[in-house]
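Down below is the structure, laid out as structure tokens.
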Amino acid sequence: MVTADGRERLDLLACPACDALHSRPALDEGEVAHCVRCHAVILARKHRSVDRVVPAAAAALLAYLVAVTFPFVGVSEAGLANQISVIDAVVALAEGRLGLLAVVLGVFTLAFPLWMIVSLLMVTVPIRLGRPAPRYAAAELKVVRRLAPWAMAEIFLVGTAVSLVKVAGLAHLSFGPAFLGLLATVVLLAMATVYLCEDTIWAAVRAR
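Quick note on UniProt numbering: the sequence shown kicks off at 1 and runs consecutively.
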């Protein structure tokens with residue numbers, strides 16, 4: 001909970017439904033805490049959260065490297081062929097008159113997802129290895145929470161697929177390894193964020 005003066009109170013929880021304040025309970029895995037006033041769920045401890053987040057985030061990082069390294073889409077017609085990567089697309093937009101679009105594409109499709117993946121690994125890997133939670137764990141957890149709505153690689157994938165369908169009659173189109181890599185990144189990153197249990201991380205931070 002954040003107080004009016006901007007301080008983070010780890011010992012207090014506000015009910016998301018009625019805003020009633022509660023002392024943060026110590027939960028075991030699988031346990032759920034309910035609001036004493038309206039009975040809404042205020043806290044839940046997920047099973048083996050860190051054990052699930054680490055492999056999902058690590059796999060997302062590998063998929064991301066594929067997405068930015070290999071060709072994203074290929075076009076061929078009349079014996080001529082060309083392939084383009086996501087990085088090539090950003091550079092091409094930046095060199096033209098669409099610099100703002102290049103920034104949007106680079107930030108929301110490439111930078112934010114990578115930042116989220118790295119933040120998840122920085123927070124969970126030390127805990128998974130049995131070490132104390134790093135000092136930056138609380139800050140990185142906030143980064144993950146705030147970036148989640150803005151990592152929009154899936155929007156880029158949908159937009160690309162729709163665009164390719166519209167021009168499919170003009171040339172032969174093919175998806176490259178990077179398309180599957182970016183798709184895997186989106187899925188794995190979503191899995192990692194679903195598996196993430198903030199209460200587990202906060203408990204590790206408090207135990208330092």
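Just so it is clear, CB atoms sit at the ideal spot from N, CA and C, and this is done for glycine as well.
When the five nearest sequence neighbours on each side are left out, the beta carbons in the same chain lying within less than 7 Å of the beta carbon of residue 60 are those of 117, 185, 188, 189, 192, in order along the chain. If you check the CB distance, residue 41 and residue 195 do not come in under 8 Å.
Check the Cα spacing between residue 71 and each of 178, 204, 207: the tightest is with 178. Under DSSP, residue 84 forms a beta bridge with 73. Runs of the alpha helix (DSSP H) spanning 4 or more residues and lying entirely within the region 87–122 occur at 99–105, in chain order. For residue 139, the uninterrupted alpha helix (DSSP H) segment begins and ends at 137–147.
Here the C-alpha atom of residue 23 lies approximately 41 Å from the C-alpha atom of residue 104. Looking at the DSSP output, residue 23 sits in a beta bridge with 12.
Residue environment for residue 136: exposed (fewer than 16 other C-beta atoms within 10 angstroms of its C-beta). Under the DSSP assignment, residue 32 falls outside any alpha helix (DSSP H), being part of the beta strand (DSSP E) whose first and last residues are 32–34. Distance from the CA of residue 25 to the CA of residue 125, rounded to the nearest whole angstrom, comes to 25 Å.
Taking residue 167 as reference, the option from 95, 77, 127 with the minimal CA-CA separation is 77. Following the DSSP letters along the chain, one finds residue 180 inside the alpha helix (DSSP H) bounded by residues 177–195. Contact annotation: residue 17 and residue 38 have beta-carbon atoms nearer than 8 Å. Residue 138 has its alpha-carbon roughly 18 Å from the corresponding atom of residue 44.
For a cut-off of 8 Å, the C-beta gap from residue 115 to residue 143 is around 7 Å, short enough to register as a contact.
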